Amino acid sequence: MNPAALAQAALSQPAPVQSAVPSPLSVFLGLARHAEQELTGTTLSSVPALSEAPAGAGSASALASAAAPATAPAPTTAPAAAASTVPAAEADPTPVLRLRDLTVGYPGRDGEVTAVAGVDLEVRAGETVAIVGESGSGKTTTAAVAAGLLTGGARIEAAEHSVFGTDMRGAGERAWHGVRGTRIGYVPQDTGAGLNPVRTIGSQLKEVLALHGRTRAEAEERLRTVLAQVGLDPEAHPGRFPHEFSGGQRQRVLIALALAGDPGLIIADEPTSALDVTVQKQVLDLLAGLVAERGTALILITHDLGIARDRADRVLVMSGGRLVESGPAARILDRPRQEYTKRLIAAAPGLTGVPLLQSHRAQGGQEQNSAPEGGAGEPLIRVTGVVKTYTGHRGGAARPAVDGADVTLRAGRTLGIVGESGSGKSTTARILVGLESADAGTGTVLGEDLATLPRKVRSLSRRARFVHQDATAALDPSFTVGQSIAEPLRGFRLGGRAERRARVAELLDLVALPPEFAERRPRELSGGQRQRVTLARALASTPEILVLDEPVSALDVSVQQQILELLLDLQERLGLAYVFISHDLAVVRHIADDVLIMAGGRVVESGPAAEVFDRPRTGLTRALVAAVPGTAHRRAASGAAVPRTAEPRTAASSTPVRPVPIGAR
Amino acid sequence: MRLTPTAALVLRRLGHGAVVLWAAFTLAFLVLYVLPGDPVAILLGGDQSTAAPEEIAAVRAEYNLDRPLLVQYLLALTAALRFDLGSSFATGQPVVEAIGAALPSTVALAVAALVPAVVGGTALAVLAVNARRPALRALLSGLPGLGVALPTFWVGLMLLQVFSFRLGWVPALGAEGLLGLVLPAATLALPLGAMVAQVLLRALDRAWREQYVTTFRAAGMGRPRLLLSHALRVASLSLLSVAGVITGNLLGGTVIVETVFTRSGLGRLAESAVSSQDIPLVLGIVVFSAVVFVLVNLATDLLYPLADPRTRPAVRAAVRRAAEASAEALPAAGAEANQTHSPTPTRPTEEVRA
Chain A
1 MNPAALAQAA LSQPAPVQSA VPSPLSVFLG LARHAEQELT GTTLSSVPAL
51 SEAPAGAGSA SALASAAAPA TAPAPTTAPA AAASTVPAAE ADPTPVLRLR
101 DLTVGYPGRD GEVTAVAGVD LEVRAGETVA IVGESGSGKT TTAAVAAGLL
151 TGGARIEAAE HSVFGTDMRG AGERAWHGVR GTRIGYVPQD TGAGLNPVRT
201 IGSQLKEVLA LHGRTRAEAE ERLRTVLAQV GLDPEAHPGR FPHEFSGGQR
251 QRVLIALALA GDPGLIIADE PTSALDVTVQ KQVLDLLAGL VAERGTALIL
301 ITHDLGIARD RADRVLVMSG GRLVESGPAA RILDRPRQEY TKRLIAAAPG
351 LTGVPLLQSH RAQGGQEQNS APEGGAGEPL IRVTGVVKTY TGHRGGAARP
401 AVDGADVTLR AGRTLGIVGE SGSGKSTTAR ILVGLESADA GTGTVLGEDL
451 ATLPRKVRSL SRRARFVHQD ATAALDPSFT VGQSIAEPLR GFRLGGRAER
501 RARVAELLDL VALPPEFAER RPRELSGGQR QRVTLARALA STPEILVLDE
551 PVSALDVSVQ QQILELLLDL QERLGLAYVF ISHDLAVVRH IADDVLIMAG
601 GRVVESGPAA EVFDRPRTGL TRALVAAVPG TAHRRAASGA AVPRTAEPRT
651 AASSTPVRPV PIGAR
Chain B
666 MRLTPTAALV LRRLGHGAVV LWAAFTLAFL VLYVLPGDPV AILLGGDQST
716 AAPEEIAAVR AEYNLDRPLL VQYLLALTAA LRFDLGSSFA TGQPVVEAIG
766 AALPSTVALA VAALVPAVVG GTALAVLAVN ARRPALRALL SGLPGLGVAL
816 PTFWVGLMLL QVFSFRLGWV PALGAEGLLG LVLPAATLAL PLGAMVAQVL
866 LRALDRAWRE QYVTTFRAAG MGRPRLLLSH ALRVASLSLL SVAGVITGNL
916 LGGTVIVETV FTRSGLGRLA ESAVSSQDIP LVLGIVVFSA VVFVLVNLAT
966 DLLYPLADPR TRPAVRAAVR RAAEASAEAL PAAGAEANQT HSPTPTRPTE
1016 EVRA
């Protein structure tokens, strides 16, 4: 980019005095500021602009003040131009981004669908703003508009949309070109498809650096810097392809790509949602470090209230395309004013507060006292020393996926198995229901010997059912809900046609779905409803054990809570025992009686949930607990723009005040 | 002996190819020799031939037609392994020689059709994906479907009608050299190009919706560059994967085009061999086509990993190692975090209790 040339082009035209379209003047003002920033920096490529830019900036501010009385955005842009002679970015009163009264509508079959209505968003340098909401709340659309990624198709209207003082309303691809990458960096969620799969990450990063006017040698240099900044190996990693990285590493590459153009604002859309808590913490620390070191502004789009509480200075809560509430993070999340925010916070599983399980059992009252003690009898599952090693392809060093796990599950109880990816939790669960064979270990599952489980899998699967994480993938899209639920009945030859139909209605009622849902197809259902259907299907053969593999991790918090409550309710009514697998400690804490913490195939800690979470014995558990979003916020209760780097916490500031758990053991 | 993953892949693919060739030969042999019609009658000049019985017996013996079918099959198969596909019933020319003579003209036609088909098809797909106006986009996206649907012989006749008879730009029939190649190549290129456009359009459309397009757009990359260095590159993988189908269309198309334009070539040879029931020649052409198919698919299989790193055998092993390494890194991360944070969450509970 050549700011000087563009500046002259802008000046050669008479500046149109109107506010609806982005005037060349306002575009120019932004560029002049950019040129000034480059002057204060050390970039060699900006040298040609040296002689031109100050003169241009001077005449521009003259023009701006002349235009000021007639244009709406001018009062904000004119001081910016005047301030552009001051090198210090901190002294700049102009917000990095300002959106006022944003409305976005998509053309739909029955008229326009409003995705965002009347949202205001403002971010200043060095500030972190979180936009929080559930799916469909409009948070991602808002972010896409802010980053100039939503052009064409949608109707976008805003009373103001300025980026570093430049009016971007109605700006076309060309105008956004100088903004994307260099002024606004955008970090998408790593779904595994955020990078070109057929090119090395080095070539992709270098290509982006070349876009920002780096020569080959400069790009090489900057590539190393950026990779080091995000904690990747500048030597080994550039030559690798995206699929050779873990999810956390890929997310780092995406952050590196966003950093490549040295932007003043980073918009991160769910940057850590697909990551394990400890990796999540590393990535968030990285982003926080950038904010602290470079005064970068950060917009964090998240569904996770804990992340917003820990990481943001200010929080915007969105729902149904509208702004519900906004303000300092501490104020919004500790003393919410709006009903919606209160509900959202109440639904979010946290490591503080009364676990759902206990409030549920407390409500259950007297008769409930007998059920937990029913666990005193012979456990449904008691296995010890389970080992499973997958033979490495071509004699690769075989590391056990499960290495000496002991599992005990009593009737009517819930055992939570917690761990990060690759910890062996899913393999353990699959062994328990006979889907995998164990290489070593002794014990019984529902009276069957561990060694014979794989051969008994058919009879076993009637009594111990496995519920998969992804309800969408687990339901045949061509089956009606009724057909799906009746499938195990057909498979195990239970009942006749009429009986099955009655049973389907009964099961739908059990999972609190109306009977007419039997005729629907999965695509007509929401995520939470689909998960209810898979639960109903699992319950069809009246099992004693349900093995639930991440049953709520794909759901919004409010839906998550409903499913957890349903599970507790079903447990109470049917006397079910659950093996509940999750990477989410907060969720497990809410539902499990006992917990196994797994890492690298080993059980690193086990015991009653309350004990493990409140008094973790091992460093690993402590690290996992500490990495859960929402646990760290007490140390920065002020909500001011303090740097959030990983400074060591003092015991006093990090100690959450916990209420006494009801019925704590 | 330990094989590298690549060598193992090549050997496995060669094995598959050999099986395909054998199957093609056997099926063609069975179909051709079980077919009604007496080869000897054809050999001796049709049904009205008045050959003496001794003559017929001699011919039968010469072509092994007096032996049992299984023996005939085994003899033909072993001969084929020595690249001997017998001799044409009609001309007595060795089949291999006949194919060899017809090949150059067909190769020229195929190349002349393939190059504009790929270039034109790609251009159409790119234009269609980039069209801003919905109407124009719909029109451009519809063209490939139309092109695939048009019958090749009809396209050839239309081109002849317009460019030779009406406009007189190119000679209608039998022209040699480049000028004579234009209309046949165009006829063949049209459906091929349409197919290329169809495959690429769909792949580009999908690539365009991929998340990495957003990533790079957000990083400041312009549409042309995004298209060339990202979307098209990924989309071309699906073109590579249909290379075998394209070759099939090309071979099939030459039969019609060479017949319509009365060009000599493999297609014309096949057409005349089938219509005159020249069994050895038909069998030879079937086997030759199978060889071409096998080679094209072998090339695709070996090239694909170069174009798409995710399918490299060595890479798959590396991915597994990386996954294991990241799992192992966890305890280290935990230990690190443990040093920096020391929450003491138990005490307040006890205080409240007290």
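Line by line, the protein sequences are chains A and B.
My numbering applies: residue 1 is where the first sequence begins, and numbers increase by one.
My numbering applies: residue 666 is where the second sequence begins, and numbers increase by one.
For each residue, glycine too, the CB sits at the ideal point set by N, CA and C.
On a predicted model such as this, the values are computed, not experimentally measured, just so you know.
Say whether chain B places a C-beta atom closer than 7 Å to the C-beta of residue i.
| i | result |
| --- | --- |
| A/F492 | no |
| A/G172 | no |
| A/G482 | no |
| A/G261 | yes |
| A/L209 | no |
| A/Y340 | no |
| A/G138 | no |
| A/A147 | yes |
| A/G213 | no |
If we cut at 7 Å on Cβ distances, does residue i have a partner in chain A?
| i | result |
| --- | --- |
| B/Y728 | no |
| B/H681 | no |
| B/V907 | no |
By Cβ distance, which residues of its chain are closer than 6 Å to residue i, with the 5 residues on each side in sequence left out?
| i | result |
| --- | --- |
| A/T621 | I597 and E605 |
| B/A872 | A896, V899 and A900 |
| A/G321 | T114, A115, V116, A117 and G138 |
| B/L676 | none |
| B/R732 | none |
| A/K281 | A627 |
For residue i, which of helix, strand or coil comes out of DSSP?
| i | result |
| --- | --- |
| A/V346 | Strictly speaking, residue 346 of chain A in this sequence is Ala, with Val absent from that position. In the structure shown, A/A346 sits in a helix (DSSP, three-state: H, G or I). |
| A/R335 | coil |
| A/A236 | coil |
| A/E157 | strand |
| A/G441 | strand |
| A/D549 | strand |
| A/T191 | coil |
| A/G126 | coil |
| B/R678 | helix |
Is it true that the CB of residue j sits closer than 7 Å to the CB of residue i?
| i | j | result |
| --- | --- | --- |
| A/D666 | A/L259 | Coverage of chain A is limited to positions 1 through 665, which leaves residue 666 of chain A absent and any answer about it impossible. |
| A/L435 | A/G441 | no |
| A/R169 | A/G105 | no |
| A/A502 | A/P515 | no |
| A/L446 | A/L539 | no |
| A/D285 | A/H583 | no |
| B/L869 | B/A790 | yes |
| A/L97 | A/A143 | no |
| A/R463 | A/E544 | yes |
| B/V907 | B/V783 | no |
| A/A193 | A/L99 | no |
| B/L805 | B/L792 | yes |
| B/Y738 | B/F690 | no |
| B/V961 | B/T912 | yes |
Suppose the cutoff is 7 Å on Cβ atoms and the five residues either side in sequence are ignored; what does the same chain contact list for residue i look like?
| i | result |
| --- | --- |
| A/L475 | S484, P522, R530, V533 and T534 |
| A/R382 | T408, G443 and T444 |
| A/A219 | K206, L209 and A210 |
| A/D101 | G118, D120, A158 and A159 |
| B/G682 | V959 and L963 |
Using C-beta distances below 8 Å, list every residue in its chain close to residue i, excluding the 5 sequence neighbours before and after it, in chain order.
| i | result |
| --- | --- |
| A/R337 | E325 |
| B/V684 | none |
Which chain C residues sit within Cβ distance under 8 Å of residue i?
| i | result |
| --- | --- |
| B/V899 | In the structure shown, chain C cannot be found, because the protein chains are A and B. |
For this session: Return the residues of the stretch 874-887 of chain B that lie within a Cβ-Cβ distance of less than 8 Å from chain A, sorted by chain order.
Result: Correct list: E875, Q876, Y877, T879, T880, F881, R882, A883, A884, G885, M886 and G887.
Problem set entry | Positions along the stretch 965-980 of chain B whose CB lies within less than 8 Å of some CB in chain A | From the stretch 965-980 of chain B, only A972, D973, P974, R975 and V980 have a Cβ closer than 8 Å to chain A.
For this session: Compile a chain-ordered list of the residues in the stretch 461-478 of chain A whose CB is closer than 7 Å to at least one CB of chain B.
Result: For the stretch 461-478 of chain A, the set of positions with a beta-carbon nearer than 7 Å to some beta-carbon of chain B is empty.
Exercise. What residues in the stretch 240-262 of chain A have a beta carbon less than 8 Å from any beta carbon of chain B?
Worked result: Across the stretch 240-262 of chain A, CB contacts with chain B closer than 8 Å involve F241, H243, E244, F245, S246, G248, Q249, L254, L257, A258, A260 and G261, in sequence order along the chain.
For this session: With 7 Å as the C-beta to C-beta threshold (strictly closer), list the residues of the stretch 183-194 of chain A near chain B in chain order.
Result: Correct list: Y186, P188, T191, A193 and G194.
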